[in-house]
Every structure is written in C-alpha cells, then in structure tokens.
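K.L.:
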Amino acid sequence: MTSPSMSAPTRRRPVWATVAVSGAFGLFYAYVVWNAVTLLVAQASGPLGLNALGWAVLGFTIVFPLVAFGVAFAVGHRRPLGEFALVLLVGLAVVAVLWVNVLAYAYTYGAQLLG
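In the working numbering, the protein residues as written are 1428 to 1542.
1. Smallest Cα separation from Leu1493: which of Gly1473, Val1468, Gly1476, Val1521?
2. Across which residues does DSSP place Leu1541 in a beta bridge pair?
3. Taking all protein chains shown into account, do 16 or more other C-beta atoms lie within 10 angstroms of the C-beta of Phe1487, making it buried, or fewer, making it exposed?
4. Use the C-beta contact count for Val1385: other C-beta atoms within 10 angstroms, 16 or more gives buried, fewer gives exposed.
5. Just the C-alpha distance for Gly1453 and Tyr1536, rounded to the nearest angstrom, thanks.
6. Buried or exposed, going by whether 16 or more other CB atoms sit within 10 Å of the CB of Ser1449?
7. For Ser1472, which of helix, strand or coil comes out of DSSP?
8. Which residues in the same chain as Gly1503 place their Cβ atom closer than 7 Å to its Cβ, once the five residues preceding and following it in sequence are excluded?
9. Going by CA-CA distance only, name the one from Ala1463, Arg1505, Ala1479, Ala1501 that's closest to Phe1421.
10. Look up Pro1507 in the DSSP assignment and say whether it is helix, strand or coil.
11. Cβ of Leu1466 within 8 Å of Cβ of Leu1485?
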C-alpha cells in the first residue's frame, strides 16, 4: 500500500543539456565581458588615461556580467530547461541594459572618465 505523500521519482534533466544551454548563454555573457575589457583598455591606454570614476565604471562593466551569469545560473539550474534558459536570457537582458547605459554615458560624458 502506498501512501499519498509518496510520489513517483522525478526524472532529472541530463547534465549535457544544462551544460549546452549554460555554455551557449555563457558565450554571450563572455562577449559582453570581452567588449568591456576592450573598452577599458582603449580608454586607459589613451593620452589622458582614466581617473578613479573611469576605472570604477569600466571595471564594473567587466565584473557585472560574470556576477549576473553566476546569479542566473544559481537561480535557474534546478528549474526545467525552458525556465533555466529564460532565467539566463533575463540575466543577459539586464547585462545588455547596463552595457548600453555605460556606452551612452561614455559617449555623452566620456571626458569625466578621463584623467
């Protein structure tokens, strides 16, 4: 006799599916990090260099996508595959919004970031 509290064991998703989805989204996150590093190097190697605000803003654009990917992965890795992909997509959208804001700030008030 089975009790109502006992349910059938849930089927786990294969690890390769999690790796494939997180790897695909990870490439997009890595692309944002690569662009942030490129912008930091280009601004820092200019004739005026960067001041403390410039280092902080452009350094944050490097760290934030890594943190956002980690948070999105931690939140979504135990969810079904579609929800996991959606959580990673939302994290990527937040990173994209930050990146566009930093670019707009750098183009508009770029002189404030320079030393």
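Think of the CB as a built atom: it goes at the ideal place given N, C-alpha and C, for glycine as much as any other residue.
As the structure is a prediction and not an experimental result, all values here were calculated from the model.
P.N.:
Considering the structure as presented:
1. Val1521
2. Leu1477
3. exposed
4. Since the first and last residues shown for the chain are 1428 and 1542, residue 1385 lies out of range.
5. 31 Å
6. buried
7. Looking at Ser1472 - three-state DSSP - the assignment turns out to be coil, as it is neither helix nor strand.
8. Glu1510, Phe1511, Val1514, Leu1515
9. Since the displayed the chain opens at 1428 and closes at 1542, residue 1421 lies outside it and no answer follows.
10. coil
11. yes
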